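>
Number of protein chains: 4
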Amino acid sequence: MFFEYDPDPDAPVSQLVCTFGGAAPVAQIAPGTFLSTWTRDCFNGTVRTVDDLSSQVTDPRCLNPQTGPFYVEGAEPGDTLVVHFVSITPRVSWGVSTTVPFFGALTSTPRTAMLQPALAERTWIYDIDPAAGVVRYQARDSAFAVELPLDPMHGTVGVAPALGEVRSALTPGPWGGNMDTPEMRAGTTCYLGVNVDGALFSFGDGHARQGEGETCGVAVETAMDTVVLVDLVKGVPTPWPRLESDGFIMSTGSARPLEDAFRISQADMVGWVAAELGLSMLDAYQLVAQTTLAPIANVVDDDYTCVAKVAKAHLPGITPYGGVHARLRAAAAAWRHPGR
Amino acid sequence: MFFEYDPDPDAPVSQLVCTFGGAAPVAQIAPGTFLSTWTRDCFNGTVRTVDDLSSQVTDPRCLNPQTGPFYVEGAEPGDTLVVHFVSITPRVSWGVSTTVPFFGALTSTPRTAMLQPALAERTWIYDIDPAAGVVRYQARDSAFAVELPLDPMHGTVGVAPALGEVRSALTPGPWGGNMDTPEMRAGTTCYLGVNVDGALFSFGDGHARQGEGETCGVAVETAMDTVVLVDLVKGVPTPWPRLESDGFIMSTGSARPLEDAFRISQADMVGWVAAELGLSMLDAYQLVAQTTLAPIANVVDDDYTCVAKVAKAHLPGITPYGGVHARLRAAAAAWRHPGR
Amino acid sequence: MFFEYDPDPDAPVSQLVCTFGGAAPVAQIAPGTFLSTWTRDCFNGTVRTVDDLSSQVTDPRCLNPQTGPFYVEGAEPGDTLVVHFVSITPRVSWGVSTTVPFFGALTSTPRTAMLQPALAERTWIYDIDPAAGVVRYQARDSAFAVELPLDPMHGTVGVAPALGEVRSALTPGPWGGNMDTPEMRAGTTCYLGVNVDGALFSFGDGHARQGEGETCGVAVETAMDTVVLVDLVKGVPTPWPRLESDGFIMSTGSARPLEDAFRISQADMVGWVAAELGLSMLDAYQLVAQTTLAPIANVVDDDYTCVAKVAKAHLPGITPYGGVHARLRAAAAAWRHPGR
Amino acid sequence: MFFEYDPDPDAPVSQLVCTFGGAAPVAQIAPGTFLSTWTRDCFNGTVRTVDDLSSQVTDPRCLNPQTGPFYVEGAEPGDTLVVHFVSITPRVSWGVSTTVPFFGALTSTPRTAMLQPALAERTWIYDIDPAAGVVRYQARDSAFAVELPLDPMHGTVGVAPALGEVRSALTPGPWGGNMDTPEMRAGTTCYLGVNVDGALFSFGDGHARQGEGETCGVAVETAMDTVVLVDLVKGVPTPWPRLESDGFIMSTGSARPLEDAFRISQADMVGWVAAELGLSMLDAYQLVAQTTLAPIANVVDDDYTCVAKVAKAHLPGITPYGGVHARLRAAAAAWRHPGR
């Protein structure tokens, strides 16, 4: 199945979706659907030149506008929604990053409240060259420039939260949301626990690339053309978002302080490995402790995100969720976009 | 220059060095010396079989016994001590890991104090096969086993702290100490700020491998035969330990909560990149934010450690500390151990 | 003006309000109204004897059911809602506290995730004697008993959050919510920033008394008969909930880690004192630093809450919000409940 | 017994004691001794006028100079040192507070590292009027002034740490040290676990008053004339410093993040109450949760400090440490200072 969803590029801010939960679905899709769509950049395209300051040109009521939500047929609480990223391609030839007053890891913020004045606000524009596979950084105060690898990903991927909550698209949590991990790239499968009928899946916040931690709070932000292959695992819950690539399984945790995000991701990985390999909890704890990578995702959002990442080579025989990643990967490889 | 230091394998616990600071030097070496020595495992060899429980067989007055301290000629406060790891080789064919009551990231501890009883204490013994380059994990409660890559490193590397402090070898800080980062492997150079005359450098806590975060609190612990090439950069301070490999520069930070360890490491990297590349602070903040890796080192010690790691390929022209890493790397490649 | 709102005691859980935001108002009131109503206990009355375990008898979809929300006429974003607590009286002669698996400050939780099993679940029933002004603690495992002062208060007081969010009644934040501070007692005025038209004010979670921090996660929970006098300050925003009693002004902050809750409350107090007394920011910082009390409110909810509390005697001349507290206090003293 | 110790007021900085541990005792005293001495202010008297900036006039090698250490006869590891504060009297008629660059709760610091410039450095001088029982605050940027209650206390009280560590007098921990709690006033008894023979007790950092949290990092600092009555409880360990006044028992915890300081203090209180009253651990958890006060001590030092404080009225029959507080209190009341 194939479904193309083309958002209105001229929609007013009042019609944009800037939350997980709280919005009516824009479309209904069946498991097994290739969904082709595009996402706005985090500033909704308002920051276009180095002279645009985000605090002046963006509408604070809607950062990280989402594409969606999509109602997935048959999805019910207790199921796991499976989102395989088939392709993520910058939609324009430029990306933008900024400092934002009182936002980022190396500044005080409204929550880590201090009395110092804000850091200077500044904008950087990156050229994106998909053919060469690079983005181009240009210093603002000197001639220094460098090409960095293009590595497109989505900062926000999620479903409606549990218990009737509606959460800002700037926040990560058990529903996914603004996790801001560079692991969310094409070729990766994301597993999300379903909290409401239809799951109400949405995504956005495309990054041409980002460092781990998203230190200044803003990655190389850009609009994306993205294709996902959506599937559903019935009757299997997923407490926190998990990812799978060809080489790795990953658990995520989002919380403050950062050690709690680490703990959530590692405890989830221990439980996952124990269940998949039939290990006792202590044996899984030991195996994970010696094999895990622990790349930080973000240290800037309302909660911070850590990833626990273990190579499948260290977990011989593992086939999470019945091998759905391999099946979707094969399906994606065999598929051609009808419109291209 | 070459210096071999062979600690007394039968030294009583009362003669072991278990702190940074507070101990008399065991030897004096000049900058430019290849220092060949060996280190005890973190349990001082007391945990040897799966039936040995660390809480019963180890002496709690001395965990992570150090080799050293070494007095480095000419080192004064305000200088940077340079320690290049030439080789790190397991000294025995086995390693050990354990759970320790109320120690580790996924248990309450005396500082994250809770009322729950301790997790069960258990010991795992790993076979180490240097020829095959693997360590062998064997589950305790099932037949599951797997070979993992051998990746030898030192958990503790440090100098005497500032302001007359003496710190346990279980703790990391600006003096280095128990950072527990797997980046501290052969081929890497470690930069440490000097706080006292002679620097009083020591190291220990060899790991045949560890996961990032050292989740259960104990890596694959083993005694190590290690050669370091020691050098000195006069008049250049280093506030927090830094590392350099052929491909990367790295800053470390150690603190609680974990976000402060991240902040320290990232702020140090921003300042380092700005100074080396002549960038403004904001331009360096932006460049680091889009290029840094942020692997966690430990989330179990008295302070937690994060690493900020940026590829030199993203920092064209960078030659930190006047290119000392490249010089030491070349010297190490040209050198042959006199005793082997 | 007087308005009595009598909730349906037999309402099914599906009709209870368990969030801030996301619910239609139950009534509309004008500023100046004495609102008389009652609130359910946090368990909706399901835990009644020491043999009732909350994890078995409560509906996890609705803890801390709210009374409200009330639409306050004329309240618009940017205004401050003023809620003066005229009286808070236990509605029944018993209160209940419990341990809840994986909830509380001295246990691991889903966010401070660990591998230890849960603490035992247990229930304590307290006799409440309003005439004597005491609640009676009775140990479960011994004959020890003691009478403690009755000190009725509300754990949750809040309005609809900003940016379209809907938040669980278990969570505190800038909108108020589950702050769980014992300062929210009769005679106190609470100031809340308005985020949506009508403010949508609700409250609940009555406690016959609680310790600071609410260490085990559950206070002496009971249903309350409560009268509030509602008012409105137009055009004055309040970023975080503030309280005022006859002797003190108080700022609150809710965040993790706990130091951020402290920082928010102290920074708000510094700004408040500076504005009210015409002090420079540094002079206000100094004055607050030497005069503030810093009682912890809760260390168990989704975010933790701290209170900054300064005696008015140390702030000569202060009359916050134009002296509304004194006016409401006088109005409350002059008022008689029509139904009693 | 009575012992007067009069430090050399002209001692050079190199002879001051600025650590816990690592210093030879200045005198030996027996349990039961009334020790009369005086302490320097935290800046060693260098900041005397509003034109003195601490960063320019103080020697950074020694802040919080200690009086001591004193070797207490018979004190051995596993014992509890008992320090009853008989009197604490300002030695001069002025106190000083300052902002210090990158120090304090509402500014970035070297550990909560950020890129913003420092807050302005400024000094406030307070008149101290012991007869009137007040200190006088005078704003720097306006005419505002106010008299605040004099409430003398010591910020640092401690013994030598365990495991051979030597810790800066700016840091609190299990050994006591820089806890900065206003509860450490005359009439209070402090219990400290002994780690080394003789305990090596010292104290300093007198405050004419401070707010809870010591928000700006510096209290109303002044030199103090102090008398303590020292005693010893053999064979009873004390893991974290505890305090006792006529009305309250108190546990302290020092850690980061602040919730861990809270957890330590509350867990210690639960264990203490259970042991003293013969309650089960769960019953004590419940009783403490409903009765504890939780005043924050400091949120500015290398670790933060919380106090758990429970009224003895809520713990009928409690006589901690065999009633030593009452005995010392009576002895102090009956005693007259020989030199006054």
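Heads up: the protein sequence lines correspond to chains A, C, S and F, in order.
The numbering of the first sequence is the numbering used here, which starts it at 34 and goes up by one.
The numbering of the second sequence is the numbering used here, which starts it at 34 and goes up by one.
The numbering of the third sequence is the numbering used here, which starts it at 34 and goes up by one.
The numbering of the fourth sequence is the numbering used here, which starts it at 34 and goes up by one.
Beta carbons: idealized from backbone N, C-alpha and C, even for Gly.
In this text the structure is predicted, and so the values were computed from the model without any measurement.
1) Shortest alpha-carbon distance to C:Val357 belongs to which of C:Cys223, C:Pro215, C:Trp71 and C:Glu109?
2) When burial is assigned at 16 or more other CB atoms within 10 Å of the CB, is A:Pro42 buried or exposed?
3) Just the Cα atoms here: how many angstroms apart are F:Val256 and F:Thr285?
4) Establish whether the CB of A:Thr140 and some CB of chain F are separated by less than 8 angstroms.
5) Is the region 209-219 of chain C touching the region 334-342 of chain C, taking contact as three or more C-beta pairs under 8 angstroms?
6) Which ranges does the alpha helix (DSSP H) cover as unbroken runs of at least 4 residues, wholly within the region 163-221 of chain A, from first to last along the chain?
7) Start and end of the beta strand (DSSP E) containing C:Glu309?
8) Output the residue ranges of the beta strand (DSSP E) runs that lie fully inside the region 68-123 of chain A and measure 3 residues or longer, sorted by chain position.
9) How long is the line joining the alpha carbons of F:Gly350 and S:Ala138, rounded to whole angstroms?
10) Is the beta carbon of C:Ala232 sitting closer than 8 angstroms to the one on C:Ala108?
11) Between the beta-carbon of F:Val168 and the beta-carbon of F:Val80, is there less than 8 angstroms?
12) Residues of chain C with CB under 8 angstroms from F:Thr52, in chain order?
13) Give the DSSP bridge partners of A:Ile158, in chain order.
14) Please state whether the Cβ-Cβ distance between C:Thr248 and A:Gly244 is less than 8 angstroms.
15) Could you name the residues of chain C that F:Pro290 contacts, counting a contact when the two beta carbons are closer than 7 angstroms?
16) Express the C-alpha separation of F:Val90 and F:Pro406 in angstroms, rounding to a whole number.
17) For the alpha helix (DSSP H) containing C:Ala364, name the first residue and the last one.
18) For A:Leu148, go through chain F and note every residue whose CB falls closer than 7 angstroms to its CB, in chain order.
19) Roughly how many whole angstroms lie between the Cα atoms of S:Pro207 and S:Met314?
20) Is the Cβ of A:Ile282 closer than 8 angstroms to any Cβ of chain S?
21) Report all residues from its chain with a CB closer than 7 angstroms to the CB of C:Val261; omit the five preceding and five following residues, and keep chain order.
22) Taking C-beta to C-beta, are A:Trp71 and A:Arg124 nearer than 8 angstroms?
23) Is DSSP giving F:Met147 helix, strand or coil here?
24) Looking at the secondary structure, which residues open and close the alpha helix (DSSP H) in which C:Asp316 lies?
25) Measure the alpha-carbon distance for F:Pro389 versus F:Ala151 and round it to whole angstroms.
26) Does any residue of chain F bring its CB to less than 8 angstroms from the CB of S:Tyr104?
27) Using a C-beta cutoff of 8 angstroms, does F:Asp334 count as contacting chain C?
28) Could you give the distance in angstroms between the alpha-carbon of F:Val199 and the alpha-carbon of C:Val199?
29) Taking A:Asp301 as the query, report the chain C residues whose CB atoms sit under 8 angstroms from its CB, ordered along the chain.
30) Indicate the three-state DSSP secondary structure (helix, strand or coil) for S:Lys267 in the structure shown.
31) Distance cutoff 8 angstroms, beta carbons only. Does C:Asp92 sit that close to anything in chain F?
32) Round the Cβ separation of F:Leu320 and S:Tyr159 to the nearest angstrom and send it over; I've been treating them as touching at under 8 angstroms.
33) Rounding to the nearest angstrom, what Cα-Cα distance links A:Val377 and S:Ala176 in this structure?
34) With distance defined between alpha-carbon atoms, name the residue in S:Leu114, S:Val179 and S:Arg73 nearest to S:Leu265.
35) When you compare only the Cα positions, how much space is there between F:Ala393 and F:Phe234?
36) Does any residue of chain A bring its CB to less than 8 angstroms from the CB of C:Tyr224?
To lay it out plainly:
1) Looking up residue 357 of chain C in the second sequence gives position 324. Checked all of C:Cys223, C:Pro215, C:Trp71 and C:Glu109; the closest Cα to C:Val357 is C:Cys223.
2) Taking the first residue of the first sequence as position 1, residue 42 of chain A is located at position 9. Exposed is the call here.
3) Here residue 256 of chain F is taken as the residue at index 223 of the fourth sequence, counted from 1. Here residue 285 of chain F is taken as the residue at index 252 of the fourth sequence, counted from 1. Note that residue 256 of chain F corresponds to Ala in the displayed sequence, not to Val. For F:Ala256 and F:Thr285, the distance between alpha carbons rounds to 25 angstroms.
4) Here residue 140 of chain A refers to the residue found at position 107 when the first sequence is read from its first residue. Chain F contact via Cβ: present.
5) yes
6) none
7) Along the second sequence, read from residue 1 onward, the residue named residue 309 of chain C stands at position 276. Where C:Glu309 is concerned, there is no enclosing beta strand (DSSP E), although the alpha helix (DSSP H) it sits in stretches over Leu291 to Leu310.
8) 99-105 and 113-123
9) Residue mapping note: residue 350 of chain F aligns to position 317 of the fourth sequence, counting from 1. Residue mapping note: residue 138 of chain S aligns to position 105 of the third sequence, counting from 1. F:Gly350 and S:Ala138: Cα-Cα distance of roughly 27 angstroms.
10) Position 199 of the second sequence, counting from 1, holds the residue named residue 232 of chain C. Position 75 of the second sequence, counting from 1, holds the residue named residue 108 of chain C. A contact, by the Cβ cut-off of 8 angstroms.
11) Residue numbering aside, residue 168 of chain F sits at position 135 when the fourth sequence is read from its first letter. Residue numbering aside, residue 80 of chain F sits at position 47 when the fourth sequence is read from its first letter. No, they are not a contact pair.
12) The residue given as residue 52 of chain F occupies position 19 in the fourth sequence. Those within 8 angstroms of F:Thr52 in chain C are Leu196, Gly197 and Glu198.
13) To locate residue 158 of chain A, count along the first sequence from 1; it is residue 125. Note: A:Ile158 sits in a beta bridge opposite A:Val129.
14) Along the second sequence, one-based indexing puts residue 248 of chain C at 215. Along the first sequence, one-based indexing puts residue 244 of chain A at 211. Not a contact, by the Cβ cut-off of 8 angstroms.
15) Here the question's residue 290 of chain F lines up with position 257 in the fourth sequence. Here the neighbours are Arg289 and Pro290.
16) In the structure as shown, chain F begins at 34 and stops at 373. Residue 406 of chain F is therefore absent and cannot be evaluated.
17) To locate residue 364 of chain C, count along the second sequence from 1; it is residue 331. Start and end: Val357 to Ala367.
18) Along the first sequence, read from residue 1 onward, the residue named residue 148 of chain A stands at position 115. Those within 7 angstroms of A:Leu148 in chain F are Leu139, Thr140 and Leu152.
19) Residue mapping note: residue 207 of chain S aligns to position 174 of the third sequence, counting from 1. Residue mapping note: residue 314 of chain S aligns to position 281 of the third sequence, counting from 1. Their backbone Cα atoms lie some 22 angstroms apart in a straight line.
20) As a first step, residue 282 of chain A must be located in the first sequence, where it is residue number 249. Output row for A:Ile282: interface = no.
21) Residue numbering aside, residue 261 of chain C sits at position 228 when the second sequence is read from its first letter. Leu68, Val116, His117, Phe118 and Val119, listed in sequence order.
22) The sequence position of residue 71 of chain A within the first sequence is 38, counting from 1. The sequence position of residue 124 of chain A within the first sequence is 91, counting from 1. Against a cut-off of 8 angstroms, the Cβ pair of A:Arg124 and A:Trp71 comes out as a contact.
23) Indexing the fourth sequence from 1 puts residue 147 of chain F at position 114. F:Met147: coil per DSSP, three-state reduction.
24) Here residue 316 of chain C refers to the residue found at position 283 of the second sequence. First-last of the alpha helix (DSSP H) with C:Asp316: Met314 to Thr324.
25) No information on residue 389 of chain F is available, as it lies outside the stretch 34 to 373 that chain F covers here.
26) Mapped onto the third sequence, residue 104 of chain S falls at position 71. So no, S:Tyr104 is outside the interface.
27) Along the fourth sequence, one-based indexing puts residue 334 of chain F at 301. It does not: the Cβ of F:Asp334 has no partner Cβ on chain C nearer than 8 angstroms.
28) As a first step, residue 199 of chain F is located in the fourth sequence; it is residue number 166 there, counting from the start. As a first step, residue 199 of chain C is located in the second sequence; it is residue number 166 there, counting from the start. Looking at the two C-alpha atoms, the distance is approximately 5 angstroms.
29) Taking the first residue of the first sequence as position 1, residue 301 of chain A is located at position 268. Contact of A:Asp301 with chain C by beta-carbon distance below 8 angstroms is absent, the smallest such distance being about 11 angstroms.
30) Taking the third sequence and counting its residues from 1, one reaches residue 267 of chain S at position 234. Three-state DSSP puts S:Lys267 in coil, outside helix and strand.
31) Residue 92 of chain C sits at position 59 when you count from the first residue of the second sequence. So no, C:Asp92 is outside the interface.
32) Here residue 320 of chain F refers to the residue found at position 287 of the fourth sequence. Here residue 159 of chain S refers to the residue found at position 126 of the third sequence. Not really, about 11 angstroms apart at Cβ, beyond 8 angstroms.
33) The requested residue 377 of chain A does not occur in the structure, where chain A is confined to residues 34 to 373.
34) The count along the third sequence starts at 1 and reaches residue 265 of chain S at position 232. Nearest option by C-alpha distance: S:Leu114.
35) Summary: the structure shown does not reach residue 393 of chain F, with chain F confined to residues 34 through 373, and so no result is reported for it.
36) Numbered from 1 along the second sequence, position 191 holds the residue referred to as residue 224 of chain C. Not closer than 8 angstroms to any Cβ of chain A, the Cβ of C:Tyr224 fails to qualify, so no.
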